[in-house]
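Trainee: One structure, pasted below without further comment.
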Amino acid sequence: MVTGHQSAYKDVCDRRADRRCVGGTAGTAAELDTPYEMLYVWVKALVGLLLTINFAAPLYAVAVNRTLWEEPMAVLAANLSFSCMCLGVTFVLIGAYDIAQLQVKGLCQSLQYCGFGFGVAFKLAETCMAVDQFVAVFYPLQHYSLMSRARRWLFVATWLAWAVQPAFGLVAVLLELPTPADTTLGRDKASVAFPECRWESNIADAYAIFVETQFLVFSLLTAALYMYTGAVGYRMNARIRRQMAHLGHQNIGGRDRKFVDNFNSFKRIVWVFLTTMLLDVISPVVRLIGRWHPMPQFSGFLHQLRALCFICEGWLYGLLNAKLREAYKKTLCCRPPWELTEVNGTWPKTVPPVLVAPVLLLALATLVSLVPVAAFTGRRRLRGRCMFQLLANLAVCEHLTLALTLPVVALRHQVPRLPVAGCSALLAARSGLLLAESTALLCITAERHLAVIHGLRYFSLLTEPRRRLLLAAPWLAAAAGAAVSATGTSSHVSRLASRPACLYLRAVPAWLRLAEALFTIAIYQVIVALHVIIRRVAVRHSRQIARQRLSVGLSAEGPERMASYWGVFKAIGLNIAVTVPLCVLFTLESVGLHVPRRLIETFGGLSLLRSMLNGWIFGLWNEELRREYGWHCRSVEPSTADQRDEEMAERGRVNPSLLDTFTQTIERSVRNVVIA
């Protein structure tokens, strides 16, 4: 007899892997075939990334302000932030596991048990915060002394609860306890029904009940503390306010005034937390019902919705405290002075901390720039073509530029100053990579020029040594530029009376900035000249192909052709519009003219944005790369190029003339080598 639980899991298995579950036997793990499954995988990774970035900021704000280490509320807020940041990192790793479609059972189980452990730690950290609010409302004058003694034990309890979860998981793995999917489908079919790294097929059935019980108990305990504190506090607050109205504010004792202040702070957040507690109670109930009526995707999305609510909770706990509010403002919103110098051989004792927001944005940009690199290099059929090799070269240069800009921004106001060698190496490597970007763009333009001007002779002219030269040219330019920049920067900084901030406009000499700007402008002039020639020839080829197709009864497809050619010029125009004005500003500043630093910073930020999006822009205007950016989502519609091939095959009954054969040859060569 088949139960509702087994029938539902069988339906999941049939929907996901009908070609691998034929006859009731399981094969290898199924791939993620539907957009819904891929969407859920990306949601996991994105939510984890948001949690990591969001909770890194308040954690850093507490870490760099030593005065907050004696504040119980600040320590508990940091504990909450750290547990949720670790949970976000686990989400990202699980999402990356599913995106890469790995099949390493032990790694997935470790991530699942550690992730559940961080979830339990977060729930217990919330309970600790509820205890803090309870003490603040009921014992306002003893709040600081009581929580100062209790905070270490609350901290130990939080991470002891985390340690229990991987320990339970290790025992479950050693004993080979069955998972929920194993119990209903059997061990051979569990991986087919759940190919992702999901808890249904990777944690023990007994542990699933255990962890859900922990979530439910901690959630109910936290909600009970909040409701009891709110109910009793509301009555006490009403009584005190009646006394204040009758006797006057000055005649109320300090304990009552402190209570009113604490309760007013409590009221600002209690409704938010009661809403999240409701989700905390609903989620375990849904997962328990899922043992008889599985709803994996609904349960998963409910779980991600609850995780998104974590974002507001950590900040609200911190913003509740005046000292934490001031620390957040100083750490995240302040702007350090443009330059700090030594005074009598010593540095100032109080220096603004490293700005978190620019560093986090640069870290996010560095991660985003990895996607084009993976798209260019992820398929063998693309890696073997020179155009995509050059695009991958450009994407790698831009990714490394962003990766090097991250420490430059983070350490530019470091006190004491970076050593001369360290600052020179960072700035020189970044200058070399910026030069490599321009050179890589020139190599792409040269390859496009060769493809369009000498379309039929493309493969005979682009020999293997020339292809290798095009690939090596950006890195040779980067090495040469970095060597010159390091020499000039180190000699300039060593001659100064005091070491300046590690900034491009302070540490790099004017003559070197002028040379780099002029050389970059010269490269872009060559790029513009080559693309003007490419455009003229490409438009002429497009018109010839359109006329020849019309003469044999085929559609001209003129607008699509023109759009494909214009895509290249849009990408080149974007690079010119951002890079050339920045080089002009550096040139004017180097010769002694006054240029507002805000203007230079604005174009510098636009240049970093261009480095982040350049690979996307070149790739998304190409049909093959658009399919690669879909991350193997099988529901993508056939490309226009594929539809044209099918149309040509269906019309093969037309007697091919010499002109028709020549037309098809030109069209095929242009289509294969020109960026769509």
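Counted the way the numbering used here counts, the sequence shown spans residues 130 to 805.
Don't be surprised by glycine CBs; every beta carbon is placed ideally from N, CA and C.
(1) What does the Cβ neighbour count give for F427, buried or exposed, with the cut at 16 atoms within 10 Å?
(2) Quick check for students: name the residue ranges of the alpha helix (DSSP H) that lie wholly in the segment 613 to 668, counting only runs of 4 or more.
(3) For L253 versus A279, is the C-beta spacing smaller than 8 Å?
(4) With distances taken Cα to Cα, identify the nearest neighbour of F339 among Q673, V249, S274.
(5) Are the beta-carbon atoms of T574 and I656 separated by less than 8 Å?
(6) What residues in its chain sit with their C-beta under 7 Å from that of V221, if we drop five residues either side in the sequence?
(7) T219 lies in the alpha helix (DSSP H); which residues open and close that run?
(8) What span of residues does the alpha helix (DSSP H) with R577 cover, start to end?
(9) Whose C-alpha, out of L591, Q372, L571, is nearest the C-alpha of W604?
(10) What residue range does the alpha helix (DSSP H) around L299 cover?
(11) For L634 and E329, what's the separation of their Cα atoms in angstroms?
(12) Near C257, which residues of its chain fall below 6 Å by C-beta distance, leaving aside the five closest residues on each side in sequence?
(13) Leaving out five residues on either side along the sequence, give the residues of the same chain with a beta carbon under 6 Å from the beta carbon of V191.
(14) Spatial neighbours of R371 within its chain, please: C-beta separation below 8 Å, excluding the five flanking residues on both sides.
(15) Let me know if G734 comes out buried or exposed under the rule of 16 or more other beta-carbons within 10 Å of its beta-carbon.
(16) How long is the line joining the alpha carbons of A601 and L564, rounded to whole angstroms?
(17) How far does the alpha helix (DSSP H) with E255 in it extend, from its first residue to its last?
(18) Taking 8 Å as the cut-off, decide whether the C-beta atoms of A615 and A532 are in contact.
(19) Does the distance from the CB of R559 to the CB of V537 come in under 8 Å?
(20) Alpha carbon to alpha carbon, how far is T530 from P548? Give it in angstroms, no decimals.
(21) In chain order, what residues of the same chain lie with their CB nearer than 6 Å to the CB of L523, ignoring the 5 residues before and after it?
(22) How about the segment 586 to 595 and the segment 606 to 620: do they share at least three Cβ pairs that are nearer than 8 Å?
(23) Between the alpha carbons of A706 and L556, how many angstroms are there, rounded?
(24) Among H621, P187, Y363, whose alpha-carbon lies nearest the alpha-carbon of W640?
(25) Please determine, among H660, A612, I662, Q518, the residue with the shortest C-alpha to C-alpha distance to A598.
(26) Taking S330 as part of the alpha helix (DSSP H), name the residues at either end of that continuous run.
(27) Helix, strand or coil, according to DSSP, for G721 in the structure here?
(28) What do you reckon, are the CB atoms on F245 and C213 nearer than 8 Å?
(29) Is T592 helix, strand or coil when you go by DSSP?
(30) Using only the alpha-carbon positions, how far apart do R195 and S277 sit?
(31) Is the beta carbon of A646 less than 8 Å from the beta carbon of T731?
(32) Under a three-way DSSP split, which group does E325 fall into?
(33) Please classify T308: does DSSP put it in a helix, a strand, or coil?
(34) Pick helix, strand or coil for R597, following the three-state DSSP scheme.
(35) Would you call the segment 286 to 298 in contact with the segment 333 to 349, where contact means no fewer than 3 C-beta pairs closer than 8 Å?
(36) Can you tell me whether H272 is buried or exposed? The criterion is at least 16 other CB atoms within 10 Å of its CB, across all chains shown.
Mentor: Concretely, from the data shown:
(1) Burial check for F427: the Cβ neighbour count within 10 Å stays below 16, so the residue is exposed.
(2) Runs of the alpha helix (DSSP H) spanning 4 or more residues and lying entirely within the segment 613 to 668 occur at 633 to 636, in chain order.
(3) No.
(4) Comparing alpha carbon positions, the residue from Q673, V249, S274 closest to F339 is V249.
(5) Result yes, Cβ atoms of T574 and I656 sit closer than 8 Å.
(6) If we look at V221 and ignore the five residues flanking it on each side, its Cβ neighbours are A174, G177, L178, T181.
(7) DSSP places T219 inside the alpha helix (DSSP H), whose first and last residues are 201 to 229.
(8) Segment 549 to 582, the alpha helix (DSSP H) holding R577.
(9) Here the closest residue by C-alpha is L571.
(10) That run of the alpha helix (DSSP H) goes 272 to 304.
(11) If I take the Cα positions, the gap works out to 56 Å.
(12) If we look at C257 and ignore the five residues flanking it on each side, its Cβ neighbours are L205, L283.
(13) Setting aside the 5 residues that flank it on each side, V191 is surrounded in the same chain by L197, A203, A207, each with a C-beta closer than 6 Å to its C-beta; the list follows chain order.
(14) Cβ neighbours of R371 beyond the five flanking positions: none.
(15) Label assigned to G734: exposed.
(16) Those two C-alpha atoms are separated by around 13 Å.
(17) It spans 234 to 267 - the alpha helix (DSSP H) in which E255 sits, taken as one unbroken run.
(18) Contact flag unset, no.
(19) Judged by beta-carbon spacing, V537 lies within the 8 Å limit of R559, meaning their Cβ atoms are closer than that value.
(20) Rounded to whole angstroms, P548 and T530 show a C-alpha spacing of 21 Å.
(21) Here L523 has A569 as same chain residues with Cβ atoms under 6 Å from its own Cβ, once five neighbours each way along the sequence are excluded.
(22) As far as the Cβ criterion goes, the segment 586 to 595 does not touch the segment 606 to 620, which means the pair count is below three.
(23) It is roughly 24 Å from the alpha-carbon of A706 to the alpha-carbon of L556.
(24) Comparing Cα positions, the closest option is H621.
(25) Correcting the residue identity first, residue 598 is Leu in this sequence and not Ala. The shortest C-alpha separation from L598 is found at Q518.
(26) Careful: S330 lies outside any alpha helix (DSSP H) and carries neither H nor E.
(27) In the structure shown, G721 adopts coil according to DSSP, grouped into three states.
(28) No, the Cβ-Cβ distance between F245 and C213 is not below 8 Å.
(29) Residue state, collapsed to three classes: coil.
(30) Each residue's Cα considered, the two are about 16 Å apart.
(31) No, they are not a contact pair.
(32) DSSP places E325 in the coil class of the three-state scheme, outside both helix and strand.
(33) Note: T308 maps to coil in three-state DSSP.
(34) R597 falls in the helix class under three-state DSSP.
(35) Short answer: they touch.
(36) By the neighbour-count rule (16 or more Cβ atoms within 10 Å), H272 is buried.
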